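If you want the numbering used here, it's the 1-based position in the sequence shown plus 1377. Remarks on the structure that follows.
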Amino acid sequence: MLGFFAALSGLASAAKSVAPATLSARSQFGLLKLADAEFANLTHAERALLEFADVSNTNRSEWAAVGPSANPLDSSNDPKDAAKWTHDRDIRAGLIRWLTVDHAAIERVDPKGIRILGARITGPLDLSYVRVPFAITMVRCAIPERMTLQSTEIPQLDLNGTYTAEIFAPGLNVRGDLDLGWDNHEYGEFHAAGEVYLQGAKVGGQLSLGRGHFHYSKVALFDYQASQKIAIDISDAEIKRSLTLCCGFESDGAVILDGSTIGGDLNCVAGHFTNPNNVALSASSATINGNVVLARFDPYTFESDGTLNFVTAHVGGYFAADHAKFKGKASEQHGLNAEGLSVRESFVWHSVTLENGAVLDLGGASIGGYLLDDQASWPAPGKLLPYGFTYTGFGSDSDAKTRLRWLALMPRFNPQPYRQLARVLRKQGDDEGAVRVLIAEEDARYLNSPFIRRAWAGFLKATIGYGHEPLLTVLWSLAVVLLGWAMVAIGQRAGVMRPTWPETPPASSANSPYERLHPLLYSFDVFLPFVNFHQEHYWWPDADVSGECAVFGQKMNFSGSFLRYYLWLQIVAGWMLSAIFLAGVTGLIRTFEE
């Protein structure tokens, strides 16, 4: 009996040692068996995918490589040649969907998810409204038909190096990163042959489209957008980290970011945005909490052909265009439209090329930091629109003379840019430069005015600098007084000045001394309206008398009538210059002009 129990115990032990191995061998193909029951004639690629994704596969490699090579950059994995691939590399889109919605299949998929290299996905891949429990990575694959990911929820989606048709994914929710291209050569370049529509998408990590190539759909997804030729629509999206459109990124058609919120940077370094005579990149009313960078990264440069639209966008860091090219034909709209742009830090505009009259529109833009630009990056005359533009200072080229050349690039007069420049110069301690700018503002204001207004403006400028240099009036007044002094002195020598009171003095005072004529005091008496030295009361030129006198050794005839006319003009000048001086000192003229 004991021998029987010992034998039974040995069998049980043997069974325990064999059972796990047997179960493991069966479970290894559990996902494959489930798929066999649903899909007939599984291809080599489909079997490779199922075996890779099976939770019991403990020896999986980095991905399910379905081609002859597991090296992503091997020419055999180049999706541009996918039409030549054999049928064995096909994976049905329905199989991928089945893996994401069938409960039995989901239980068998490893948390690492689906990772495919070099496959061709046949049929339209539709994961709309599916809550995918695992990440999907399809590297260097070919997806020749539309992908539909409307309101799809997924931990992570990676399509690096893949060639796709249109991607229709409004409301897509990716909890981690969404990669449609990256800034390295590891997986090749992503290509989309139609519009990538991500309106209202949510990305919990980074949205990367670096080195991606995008093209608008030949037949627009929506008729009303046909004229825009949209290649990528990420409007009203929420991206927790950065949005990368860099390092060889190319779009043939508009990139739309209107109303989106980007938690990090908008990185457009070495990106190419092409949509001639149309919007190339639009971030209207977008909120970018980091920086906006449009710059060069060797061997690539940042280029746009069309309009970059940052109207009413908010940038939490700096906005930098460095070694950027804004291309386009002279007859086409192109350049930067930054009306109402708000930048918390500085606005960098360095080594920028604005071809064929590209526009720089900064109307209503607000810069919390400095305007850092160089003269070589200024637009052509008539293509600078800084109306309402505010900033706190300059990094260089900050003197009044240079900045007035900058404002001269405006197509029409507007006082605000001049006053903003004057405020900045005064804040920097350059009061003389600020006055120069304000005077230049008035020059520009009257430039195309009728003759009478221009003549009046010339008088105001010469006398009080349009009210900004009221002490100029003192110099003019002194000049008039000195000239009057010389004129009266000459009249005195020529004998044309005669006593005016009393014309027939009383006998009792006939021998009394008469008030002496002082030519300098006489000139002051005539010129100053509110001062009376009593010189004018006693003396006045006789219009009926003329005489000779020597001036600088030369005899000249001098008439009393000529001196009288001059003194009348000096009286008028005294009133006018005195009134203008008071108006300039009190600011009345500047207030009127403003």
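The beta-carbon is built from N, C-alpha and C at its ideal position, and this holds for glycine as well. Here the structure is a predicted model, which is why all the values come from computation and not from measurement.
* Select from Leu1472, Ala1701, Ala1697 and Pro1794 the residue whose C-alpha is nearest the C-alpha of Ala1417. => Taking only the C-alpha atoms, the option nearest Ala1417 is Leu1472.
* **Same chain, Cβ closer than 6 Å to Arg1875, five either side skipped, listed in chain order** => Counting only Cβ-Cβ distances below 6 Å, and skipping sequence neighbours, we find Asp1919.
* Asked: Name the DSSP bridge partner or partners of Arg1497?
  -> Answer by DSSP bridge pairing, in chain order: Asp1467 and Ala1519.
* Measure from the alpha carbon of Leu1534 to the alpha carbon of each residue in Ala1519, Asn1550 and Tyr1540, then state which is nearest. => Comparing Cα-Cα distances from Leu1534 to each of Ala1519, Asn1550 and Tyr1540, the minimum goes to Asn1550.
* Taking Cβ positions, are Phe1929 and Val1857 nearer each other than 8 Å? -> Taking 8 Å as the Cβ cut-off, Phe1929 and Val1857 do not qualify as a contacting pair.
* Which partner residues of Ile1609 appear in the DSSP bridge assignment? -> Beta-bridge pairing links Ile1609 to Val1573 and Val1632.
* Nonlocal neighbours in the same chain, by C-beta distance under 8 Å from Ala1785, ignoring five residues either side -> Cβ neighbours of Ala1785 beyond the five flanking positions: Pro1758.
* **Bridge partner(s) assigned by DSSP for Pro1876** => DSSP, once it has assigned bridges, lists Trp1916 as partnering Pro1876.
* Asked: Secondary structure at Ala1430, three-state DSSP: helix, strand or coil?
  -> Ala1430 sits in a helix when the DSSP states are folded into three classes.
* Alpha carbon to alpha carbon, what distance is there between Val1432 and Ala1384? -> Reliability fails at Ala1384, whose pLDDT of 41 lies under 50, so the model's placement of it is uncertain and no value is given.
* C-alpha distance - Leu1802 paired with Leu1897, whole-angstrom precision -> The alpha-carbon atoms of Leu1802 and Leu1897 are separated by roughly 42 Å.
* Can you tell which of Asn1448, Thr1730, Asn1714 and Glu1892 has the C-alpha that lies nearest to the C-alpha of His1700? -> Closest option to His1700, Cα to Cα, is Thr1730.
* Name, in chain order, the residues that DSSP records as bridge partners for Asn1665. => The question names Asn, but residue 1665 is Ile in the sequence shown. Partner(s): Ile1639 and Val1692.
* Where does Val1646 fall in DSSP's three states? -> The three-state secondary structure of Val1646, taken from DSSP, is coil.
* **Cβ shell of Leu1622 (< 6 Å), same chain only, five flanking positions each side left out** => The answer, listed in chain order, is Leu1586, Cys1645 and Gly1648.
* To do: Look at the alpha carbon of Gly1605 and the alpha carbon of Ala1570, and state the distance between them as a whole number of angstroms.
  => Looking at the sequence provided, one finds Gln at residue 1605 rather than Gly. One C-alpha to the other measures close to 16 Å.
* To do: Would you kindly work out how many angstroms separate the C-alpha atoms of Thr1399 and Glu1563, rounded to a whole number?
  => In this predicted model, Thr1399 has a pLDDT of only 35, less than 50, meaning its place in the structure is not dependable; the value taken from the coordinates is given anyway. A straight line joining the alpha-carbon of Thr1399 with that of Glu1563 spans about 40 Å.
* Please indicate yes or no: does the CB of Gly1712 lie closer than 7 Å to some heavy atom of the ligand NAP? => Here there are no bound small molecules, and the ligand NAP is not part of this structure.
* Reduced DSSP category for His1480 - H, G, I as helix; E, B as strand; rest coil -> Here His1480 sits in helix by DSSP.
* Among the residues of its own chain, which have a CB less than 7 Å from the CB of Arg1403, if the five just before and after it don't count? -> In this predicted model, Arg1403 has a pLDDT of only 37, less than 50, meaning its place in the structure is not dependable; the value taken from the coordinates is given anyway. Around Arg1403, the same chain offers no residue with a beta carbon nearer than 7 Å, after the five sequence neighbours per side are excluded.
* Asked: To the nearest whole angstrom, what separates the beta carbons of Ser1659 and Tyr1695, a pair I think is in contact under 8 Å?
  -> The Cβ separation is near 20 Å, so there is no contact.
* Continuous beta strand (DSSP E) stretch holding Val1558: start and end -> For clarity, residue 1558 is Gly in the given sequence; the question names Val instead. First-last for Gly1558: undefined, no H or E at that position.
* To do: List the DSSP bridge partners of Tyr1677.
  => Note: Tyr1677 sits in a beta bridge opposite Phe1674.
* Asked: How about Phe1674 and Cys1624: do their beta carbons lie closer than 8 Å?
  -> Here Phe1674 is near Cys1624, since their CB atoms are less than 8 Å apart.
* Span separating the alpha-carbon of Gln1405 from that of Val1516 -> Residue placement at Gln1405 cannot be trusted, given a pLDDT of 48 that sits under 50; what the coordinates show is reported in the next sentence. About 24 Å.
* Considering Leu1737, what are the terminal residues of the alpha helix (DSSP H) in which it resides? -> Leu1737 -> not in any alpha helix (DSSP H); beta strand (DSSP E) instead, spanning Val1736 to Asp1738.
* Just how far apart, CA to CA, sit His1480 and Leu1749? -> In a straight line, the C-alpha of His1480 is about 59 Å away from that of Leu1749.
* Could you check where the beta strand (DSSP E) with Trp1462 kicks off and where it finishes? -> Here Trp1462 belongs to no beta strand (DSSP E), and DSSP marks it neither H nor E.
* Can you tell which of Leu1536, Phe1828 and Lys1410 has the C-alpha that lies nearest to the C-alpha of Leu1557? -> Nearest C-alpha to Leu1557: Leu1536.
* Hey, Gly1477 and Val1509: beta-carbon distance below 8 Å or not? -> For clarity, residue 1477 is Thr in the given sequence; the question names Gly instead. Yes, these two residues count as a Cβ contact at 8 Å.
* Asked: Which residues in the same chain as Asp1554 place their Cβ atom closer than 6 Å to its Cβ, once the five residues preceding and following it in sequence are excluded?
  -> Spatial neighbours of Asp1554 in its own chain (CB-CB distance under 6 Å, excluding positions within 5 residues in sequence) are listed in chain order as Gln1533, Gly1582 and Gln1583.
* Using beta-carbon positions only, say whether Gly1630 and Asn1652 come within less than 8 Å of one another. => For Gly1630 and Asn1652, yes; Cβs fall inside 8 Å.
* **Backbone secondary structure at Asp1487 - three-state DSSP** => Assignment of Asp1487 by DSSP, reduced to helix, strand and coil, places it in the coil class.
* **Reduced DSSP secondary structure (H/G/I, E/B, other) of Gly1951** => Three-state DSSP puts Gly1951 in a helix.
* Asked: Considering only residues of the same chain and omitting the five flanking positions on each side of Ile1474, which have a CB-CB separation below 8 Å?
  -> Inspection of the sequence shows that residue 1474 is occupied by Arg rather than by Ile. The residues are Leu1502, Asp1503, Leu1504 and Val1507.
* Secondary structure of Leu1421, DSSP reduced to three states -> Per the sequence presented here, residue 1421 reads as His, with Leu not at that position. DSSP places His1421 in helix when its eight states are reduced to three.
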